[in-house]
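Same order as they appear, the protein sequences are chains A and B.
Heads up: the first sequence is residues 1 to 336, going by UniProt numbering.
Heads up: the second sequence is residues 1 to 312, going by UniProt numbering.
Data block below; observations after.
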Amino acid sequence: MATVDLRNVSKSFGSVEVLKDVSLSIEKGEFVAFVGPSGCGKSTLLRLIAGLEEISSGDLMIEGERVNDVLPAKRGVSMVFQSYALYPHMSVYENMAFGLEQAKLKKDEIARRIAEAAHMLQIEGLLERKPKALSGGQRQRVAIGRAITRQPRLFLFDEPLSNLDAALRGETRVEIARLHARLADTTMIYVTHDQVEAMTLADRIVVLNKGRVEQIGEPLELYENPASRFVAGFIGSPKMNFLTGDAARQHGAATLGVRPEDLTLSAEGGLWSGKIALTEALGSDTFVHVDTTLSDKSIVARVSPRERFRHGMPVYLTPAPERLHRFDEEGAPVRG
Amino acid sequence: MAPQSGLARQRTRSAWVFLAPMLFVLAAVALYPLLRTIWFGFTDASLTSFGSARFVGIRNYLEWLDYGDGNGEWLGLLVDGRWWSAVWNTVRFTLVSVTLETIFGMVIALVLNQKFPGRAVVRAAVLIPWAIPTVVSAKMWGWMLHDQFGIINDMLMRVGILSAPVAWTASPDTAMAAVMMVDIWKTTPFMALLILAGLQMIPDDIYEAARLDGVGPVRTFRRITLPLVLPAMLVAVVFRALDALRIFDIVYVLTPNSPETRTMSVFARENLFDYDKFAYGSAASTLLFLIIAMITIGFIYATRMDLSGTRE
Chain A
1 MATVDLRNVS
11 KSFGSVEVLK
21 DVSLSIEKGE
31 FVAFVGPSGC
41 GKSTLLRLIA
51 GLEEISSGDL
61 MIEGERVNDV
71 LPAKRGVSMV
81 FQSYALYPHM
91 SVYENMAFGL
101 EQAKLKKDEI
111 ARRIAEAAHM
121 LQIEGLLERK
131 PKALSGGQRQ
141 RVAIGRAITR
151 QPRLFLFDEP
161 LSNLDAALRG
171 ETRVEIARLH
181 ARLADTTMIY
191 VTHDQVEAMT
201 LADRIVVLNK
211 GRVEQIGEPL
221 ELYENPASRF
231 VAGFIGSPKM
241 NFLTGDAARQ
251 HGAATLGVRP
261 EDLTLSAEGG
271 LWSGKIALTE
281 ALGSDTFVHV
291 DTTLSDKSIV
301 ARVSPRERFR
311 HGMPVYLTPA
321 PERLHRFDEE
331 GAPVRG
Chain B
1 MAPQSGLARQ
11 RTRSAWVFLA
21 PMLFVLAAVA
31 LYPLLRTIWF
41 GFTDASLTSF
51 GSARFVGIRN
61 YLEWLDYGDG
71 NGEWLGLLVD
81 GRWWSAVWNT
91 VRFTLVSVTL
101 ETIFGMVIAL
111 VLNQKFPGRA
121 VVRAAVLIPW
131 AIPTVVSAKM
141 WGWMLHDQFG
151 IINDMLMRVG
161 ILSAPVAWTA
171 SPDTAMAAVM
181 MVDIWKTTPF
191 MALLILAGLQ
201 MIPDDIYEAA
211 RLDGVGPVRT
221 FRRITLPLVL
231 PAMLVAVVFR
241 ALDALRIFDI
251 VYVLTPNSPE
261 TRTMSVFARE
271 NLFDYDKFAY
281 GSAASTLLFL
291 IIAMITIGFI
301 YATRMDLSGT
311 RE
């Protein structure tokens, strides 16, 4: 039995339908990421599950029980907000204790749970401080700690890393992964617009676009076999190259997609010819942007940093034939 | 202070240049009149003898009048029963009206902080009592509270609450209550607006976190809304208290010459202009200034209010 089951869930704000007919099953202990561009409805979907918004139609089941009309606090969910949402006038300890006191837990049980969470997140030294005396990363840990102490069946993260700087984001991402490993029985749902976070953290990814589910699958499955041109373009960094026109027609598609790592760059001889517009050397890889007559946009190819390609050089691009992604006019993949 | 660099000196200089006009105006319209009033309080000035006023020490505040037969009595503002009853009237008025304005203002602010259709119109409408000039609204209430022709007596008698008309503003039992009511009616919107501004500073997600924590509305208000809106509320209370301690216009229009509602400002004005005891009135004005300053400083200190603006 799935922990979370969404059956044909829709949500409208006034006349605007932000979620259309979303069906989804999440297993116990699974880590699922909702990704998609701004306005795709991913945060709304999370808020529906949390109970912060009402479901317009459809059923939401948590552990087999229909919870559409159950109060947020009774759903057994904890949420980590993008802005942390710590109570600014309470100390770290009080922030974590507030909900537990409300749940009528005994004082020593509250103290025990907080001590445990504080130890797990290494915030024992901060318990007496107010949120404003904490750094962004520390606030994030406290927010996670507050969520842990409630011992939820379901953990919800709403873009928890987007207010952190790049270095801290990477660090906290690893910590969330560790947390998931430690709380193996707790189901986690994680909303992000950053597909790297989704790829690295999630067991399965739900890609949303304009209020609809585009694809659900394991990270590499989405990467290898995108179910639509949208997913192909959204998953992967740098993005998949898309070609239309003759180059695509030759392969029997309206749009031809090829990932930067599936292109071979050579100085003489290849399928497509062009000129190097820009090179980005990241150390581990070099991304070469090539201007061609096939597309308005430069085609990006990944090459080894040992290869020396200079700006302005004429080059040839050759895709690996078995790694081409073909899409029809509607953006659906062409099979066979 | 560490020696300043040329750039910092330049910045300091231009800051003073920008501040100078305001400092000059403040000195001209606030500091000078204040100092002059304090000075007159130590003289025998009258309305007709500003120029020839002589220094008489603290005689206006306290003086021993010797009858020459070994007896005598204390005279002066500090032993004037009329003055102290005016002080008590003012303090009582301030305590009651500011307290009720804060409570009503909070209720209205909480309502206006909710999303509902037509909220913008209601917000503007609530402000109307505040926008009417006080003399106009006091006169309006004076007519409404009139013992013979007033609509309030008429309505209360029609529904049977009163059997005979009440002279609300003239009767010693109700005069102060009438003044308080008009002030509360007039200034609650101001409180509501200041508190509303404070409420809107509280981010929504904190309330959502509380909902997920299962905190009910009453406890959310007590443990989250109130502590977070308190700093804004205290500033509003100080503003209002400063205003209320100087209350003059409503009393002057609604209940003239009533000892029950005579406030410090009314007392000062009576002496300054009606009784031609200009020096005595100046002394009262000086004392009024000191009392307001002490109460305000005491309040700010007692509530540990942060006026430096360094709060995060």
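Where a beta carbon is used, it is the ideal one built from N, C-alpha and C, also for glycine.
In chain A, which residues lie with their C-beta within 8 Å of the C-beta of residue i?
i              : result
G41 (chain B)  : Residues of chain A passing the Cβ test: none, with the nearest at roughly 45 Å.
P117 (chain B) : Per Cβ cutoff of 8 Å: no residues; P117 (chain B) is ~12 Å from chain A at best.
Please report the Cβ distance between residue i and residue j, rounded to the nearest whole angstrom; I am assuming they are in contact, meaning their Cβ atoms lie under 8 Å.
i                     : j              : result
P238 (chain A)        : V300 (chain A) : 5 Å
A244 (chain B)        : F50 (chain B)  : About 31 Å separates the two Cβ atoms, so there is no contact after all.
S304 (chain A)        : T292 (chain A) : With a Cβ gap of about 21 Å, S304 (chain A) and T292 (chain A) do not count as contacting.
R259 (chain A)        : R323 (chain A) : 7 Å
G145 (chain A)        : I123 (chain A) : 6 Å
V207 (chain A)        : V35 (chain A)  : 6 Å
V229 (chain B)        : I202 (chain B) : 7 Å
P131 (chain A)        : R141 (chain A) : Their Cβ separation, rounded to whole angstroms, is 11 Å, which puts P131 (chain A) and R141 (chain A) out of contact at 8 Å.
R7 (chain A)          : E63 (chain A)  : Not a contact, Cβ separation roughly 15 Å.
residue 316 (chain B) : L145 (chain B) : Shown here, chain B extends from 1 to 312; a query on residue 316 (chain B) therefore has no answer.
D203 (chain A)        : F31 (chain A)  : 5 Å
L294 (chain A)        : G331 (chain A) : In fact, because the Cβ distance is near 19 Å, the residues do not count as touching under 8 Å.
Just to confirm my understanding: we take residue i, look at its own chain, exclude 5 residues before and 5 after, and list those with CB closer than 6 Å. What are they?
i              : result
L193 (chain B) : none
V67 (chain A)  : L60, R75
H289 (chain A) : A277, L278, S298, V300
V18 (chain A)  : K11, G41, T44, G211
L19 (chain B)  : none
Y280 (chain B) : N60, N271
G257 (chain A) : A232, M240, F242, H325
A8 (chain B)   : none
G58 (chain A)  : R7, N8, V9, S10
Below 8 Å CB to CB, which residues in the same chain sit around residue i once its five sequence neighbours on both sides are set aside?
i              : result
V16 (chain A)  : none
V315 (chain A) : L265, S266, A267, G270, S273, G274, K275, I276, V288, V290, F309
E101 (chain A) : I110
G136 (chain A) : N163, L164, D165, L168
V238 (chain B) : T296, F299, I300, M305
A143 (chain A) : V80, F81, Y84, A85, L86, P160
T286 (chain A) : T279, E280, R302, V303, S304, P305, E307, F309
What residues match up with residue i in a beta bridge as DSSP calls it?
i              : result
L275 (chain A) : The sequence shown places Lys at residue 275 (chain A), not Leu. Partner(s): A:D291, A:P314.
V9 (chain A)   : A:V22
L156 (chain A) : A:M79, A:I189
P319 (chain A) : A:L263
W64 (chain B)  : B:W74
S57 (chain A)  : A:S10
T172 (chain A) : Note: T172 (chain A) sits in no beta bridge, so no partner.
So which residues of chain B does residue i contact, with C-beta pairs closer than 7 Å?
i             : result
L52 (chain A) : E208, R211
P72 (chain A) : R211, L212
Quick one: is residue i near chain D, going by C-beta distance under 7 Å?
i              : result
D205 (chain B) : No chain D appears in this structure, whose protein chains are A and B.
Under 9 Å Cβ-Cβ, which residues of chain A neighbour residue i?
i              : result
P217 (chain B) : Neighbours of P217 (chain B) on chain A: none; closest Cβ ~12 Å, over 9 Å.
Report the neighbours of residue i on chain B: residues whose CB is nearer than 8 Å to its CB, in chain order.
i              : result
P88 (chain A)  : I206, L228
F81 (chain A)  : D205, E208, A209
Q140 (chain A) : Result: empty, since nearest Cβ-Cβ is about 14 Å, beyond 8 Å.
G41 (chain A)  : Ordered by position in chain B, no residue passes the 8 Å Cβ test against G41 (chain A), which lies about 18 Å from the chain.
Just to confirm my understanding: we take residue i, look at its own chain, exclude 5 residues before and 5 after, and list those with CB closer than 7 Å. What are they?
i              : result
R54 (chain B)  : T43, D44
A236 (chain B) : M191, L194, I195
E312 (chain B) : Interpretation of E312 (chain B) is limited by its pLDDT of 39, a score under 50 that renders its predicted location unreliable; no figure is taken from the coordinates.
I114 (chain A) : Y93, M96, A97, T149
E171 (chain A) : none
Y223 (chain A) : I235, G236
V253 (chain B) : V135, A138, K139, G142
L48 (chain A)  : V9, K11, I55, L60
Along chain B, in chain order, which residues have C-beta atoms closer than 9 Å to that of residue i?
i              : result
M120 (chain A) : Correct list: empty, because the minimum Cβ distance to chain B is about 20 Å.
V77 (chain A)  : L212
A103 (chain A) : D213, G214
G99 (chain A)  : A209, A210, L212, D213, G214, V215
Run down chain A in chain order and give the residues with a C-beta less than 7 Å from the C-beta of residue i.
i                     : result
residue 314 (chain B) : Chain B is shown only over 1 to 312; residue 314 (chain B) falls outside these bounds and no answer can be derived.
- [ ] Take every Cβ of the stretch 84–94 of chain B, pair it with every Cβ of the stretch 256–268 of chain B, and state whether three or more of those distances are shorter than 8 Å.
- [x] With contact defined as three or more Cβ pairs closer than 8 Å, the stretch 84–94 of chain B and the stretch 256–268 of chain B are in contact.
- [ ] Would you check if the stretch 143–158 of chain B and the stretch 208–216 of chain B touch, i.e. whether three or more CB-CB distances between them fall below 8 Å?
- [x] The answer is no - the stretch 143–158 of chain B does not touch the stretch 208–216 of chain B, with fewer than three Cβ pairs under 8 Å.
Open item on the list: Three Cβ pairs or more, each shorter than 8 Å: is that satisfied between the stretch 82–100 of chain A and the stretch 23–32 of chain A?
Closed with: By the criterion of at least three beta-carbon pairs nearer than 8 Å, the stretch 82–100 of chain A is not in contact with the stretch 23–32 of chain A.
Open item on the list: Could you check whether the stretch 129–138 of chain B touches the stretch 178–187 of chain B, counting it as contact only if at least three pairs of C-beta atoms, one from each stretch, sit closer than 8 Å?
Closed with: Touching, per the Cβ criterion.
Task: Segment contact flag, the stretch 70–79 of chain B with the stretch 245–259 of chain B, C-beta cutoff 8 Å, min 3 pairs - done: Touching, no, given that fewer than three Cβ pairs across the two stretches are closer than 8 Å.
Task: Touching by the beta-carbon criterion (3+ pairs, under 8 Å), the stretch 48–55 of chain A and the stretch 217–233 of chain A - done: With a cut-off of 8 Å, the stretch 217–233 of chain A and the stretch 48–55 of chain A do not count as touching, because too few Cβ pairs lie within range.
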